[in-house]
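Chemist:
In the numbering used here, the protein residues as written are 393 to 463.
This is how it looks when you write it as structure tokens:
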């Protein structure tokens, strides 16, 4: 059990390094400032899971913007 936890932490850290290295590479190749890449590509990529879950919930009718609404 602890072995899988440690492996998961290592993969998360290494994946983060690869992600940032890829973003820096994109910035260097396209000559776009790193700040712009960070403010756009990385911000969209890190919020993408929440966007997908919210979209699926809205499509399936599970999203309730007003929790007191019991329809």
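C-beta atoms are modelled at their ideal positions from N, C-alpha and C, and glycine is treated no differently. All values derive from a computational prediction rather than experimental measurement.
Quick check on DSSP: helix, strand or coil for residue 423?
Modeler: coil
Chemist: Report, in whole angstroms, the separation of the C-beta atoms of residue 415 and residue 433, which I expect to be a contact under 8 Å.
Modeler: Yes, they are in contact, since the Cβ atoms of residue 415 and residue 433 sit about 6 Å apart, within 8 Å.
Chemist: Would you kindly check if the distance between the Cβ of residue 411 and the Cβ of residue 437 is under 9 Å?
Modeler: Taking 9 Å as the Cβ cut-off, residue 437 and residue 411 qualify as a contacting pair.
Chemist: If we ignore side chains and look at the alpha-carbon of each, how far apart do residue 449 and residue 426 end up?
Modeler: 34 Å
Chemist: Helix or strand or just coil, what does DSSP make of residue 454?
Modeler: coil
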